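For the sequence shown, the numbering used here assigns the number 5 to the initial residue and increments by one for each residue that follows. Heads up: the structure comes next, in structure tokens.
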Amino acid sequence: MSQSPPQLPVIPITRPTIDEETIAGVCEVLRSGWITTGPNAKKFEAELSALFGGRPVRVFNSGTASLEIALRLAGVGPGDEVITTPLSWVATSNVVLTVGAKPVFVDIDPVTRNIDLSAVEAAITPATKAIIPVDLAGLPVDRDKLYEVANRHGIRVIEDAAQSLGSSWKGRLIGSFGDLVSFSFHPNKNLTSIEGGCLVMTEDSDAKLAEQYRLQGVVRSGIDEMDVEVLGGKFNLTDVAARVGLGQLPHLDDFTRIRRDLVREYFKLLDVPEIHELGLGLPVRDFEQCNWHMFQVVLPETTGSPSRAEVMERMAAEGVSTGVHYPAIHLFSLYRAAGWQEGDFPHAELAGRKILTLPLFPTMPVTDVSRAANTLIRVLKSFR
């Protein structure tokens, strides 16, 4: 009786790397009795501030919360417009709706897959209060051009740097300069605190106001005095989560270096004439500025080409996980109801239909990169 070949282990799309020292540290926090926002959150803020050149930093329970707080600090509210990209996690535009403002989408550059800054100016109106660019997959938006446009029109910049911790622009770490910069520490990010995020600011007064927004608008004075000056929410980061973040920070440079090395292997296998003939779109090859939060390809869209679902199903059958980051935001029902429709942003829509995220994480063996890339090639060729 013949035996089937052994099943290869599944390659996950991503996997957080949390060392034993951090796990032990979390146990210490749990035993301490102080598990909500406390000394570890303060220390995490201080170390993040040092990373960003001494700028004020406040931590939150998500990157979504830090984006919302940034909008509030910028004074964005009802009647205002905020320019952003339709190719991002939907939180980027949802927070604009949350504060009562209107998101105004601008198509992406099909090469970088980031917002097309050359098209931003045409979208600016007297109601434009801010722009939220997104560093998709960790590739930085052109900060020079971004701030030139924003400064000329007197609008605020809220950098959605959720994916770009460890990325840089012309030798300067993202977050160490600029207006308001929001990061995410979700488990799929290059640094995690399980759930969490932070906002980097320029003014201490903004940091003080961010603290108020973070916890119900409360201001304390003396031993028993309390006041509420602004409408806040419940956005604080726990000390348990902060301890995980503190354990991650010393490894950030190594995580980035390993990701870049793994992506070089992807390019060796996929950036060749044989694969170009298949019509596979590759990301910008940037090993200086990009932190390679994700490695994303754009599948071919020609007659006879497979759907993304077909590719994902076949790769999953061979034990290779893949992801979708992201569908075009303006085609979700919530945004269609506001008037957006198919055809508004063709570059973002193509990416939204065909973008595919391949496995990438620091503990991923090089052999798994080869397996993932070769599986993709084999699946695409099977449809020819």
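The beta-carbon is built from N, C-alpha and C at its ideal position, and this holds for glycine as well. Remember, predicted model here, so these are calculated numbers, not experimental data.
DSSP, read as helix, strand or coil, puts CYS202 in strand. In the DSSP annotation of this structure, the continuous segment of the beta strand (DSSP E) that includes ILE136 starts and ends at 132-136. Annotation for PRO43: the continuous alpha helix (DSSP H) segment containing it runs 43-55.
Between the alpha carbons of LYS174 and PHE291 lies a gap of roughly 12 Å. Distances from the alpha-carbon of SER188 to those of HIS297, VAL276 and PRO82 put HIS297 closest. With a cutoff of 8 Å on beta-carbon distance, PHE387 and PRO310 are scored as near each other. Rounded to whole angstroms, the gap between the alpha carbons of THR40 and GLY308 is 54 Å. According to DSSP, PHE239 shares a beta bridge with no other residue.
Note on the region 284-327: whole beta strand (DSSP E) runs with a minimum of 3 residues are 299-302, in chain order. Scanning its chain for C-beta atoms nearer than 8 Å, with the 5 sequence neighbours on each side dropped, one finds around ALA123 the residues VAL110 and ASP111, in chain order. In the DSSP assignment, ILE262 falls within the unbroken alpha helix (DSSP H) covering 256-274.
Sequence-distant Cβ neighbours of VAL204 in its own chain, meaning closer than 7 Å and more than five residues away, are PHE56, ARG59, VAL61, GLY179 and VAL185.
Relative to ALA131, the option among VAL80, SER97 and ASN194 whose CA is nearest is VAL80. Look at ILE333 here: in three-state DSSP terms it is helix. Checking the DSSP bridge columns, you'll see THR88 partnered with PHE109 and ILE136. Here the C-alpha atom of ILE159 lies approximately 13 Å from the C-alpha atom of ALA74. Around the beta carbon of THR371, a 10 Å sphere encloses fewer than 16 other beta carbons of the protein chains shown; the residue is thus reported as exposed. The region 346-356 and the region 244-258 do not touch, with fewer than 3 CB-CB distances between them shorter than 8 Å. Per DSSP, the continuous alpha helix (DSSP H) segment holding THR26 begins and ends at 24-36. THR89 is a Cβ neighbour of ASN118, given a cutoff of 8 Å. Of the candidates ALA165, GLY29, GLU25 and LEU380, the residue whose Cα lies closest to the Cα of TYR270 is LEU380. By the beta-carbon neighbour count (other beta carbons within 10 angstroms, threshold 16), ILE15 is buried. The alpha-carbon separation between ASP265 and ASP228 amounts to approximately 55 Å.
Between the region 45-52 and the region 163-171 there are fewer than three inter-stretch CB-CB distances shorter than 8 Å, so the stretches are not counted as touching. Sixteen is the threshold: since fewer than 16 other Cβ atoms of the shown chains lie within 10 Å of the Cβ of HIS280, the residue is exposed. Between the region 223-238 and the region 18-30 there are fewer than three inter-stretch CB-CB distances shorter than 8 Å, so the stretches are not counted as touching. VAL244 is positioned such that its CB atom lies no closer than 8 Å to that of LEU52. When secondary structure is reduced to three states using DSSP, GLU215 falls in the helix class.
Here VAL99 is buried: its Cβ has 16 or more other Cβ atoms, across all protein chains shown, within 10 Å. Looking at the backbone, the Cα of ALA321 and that of SER97 are separated by about 34 Å.
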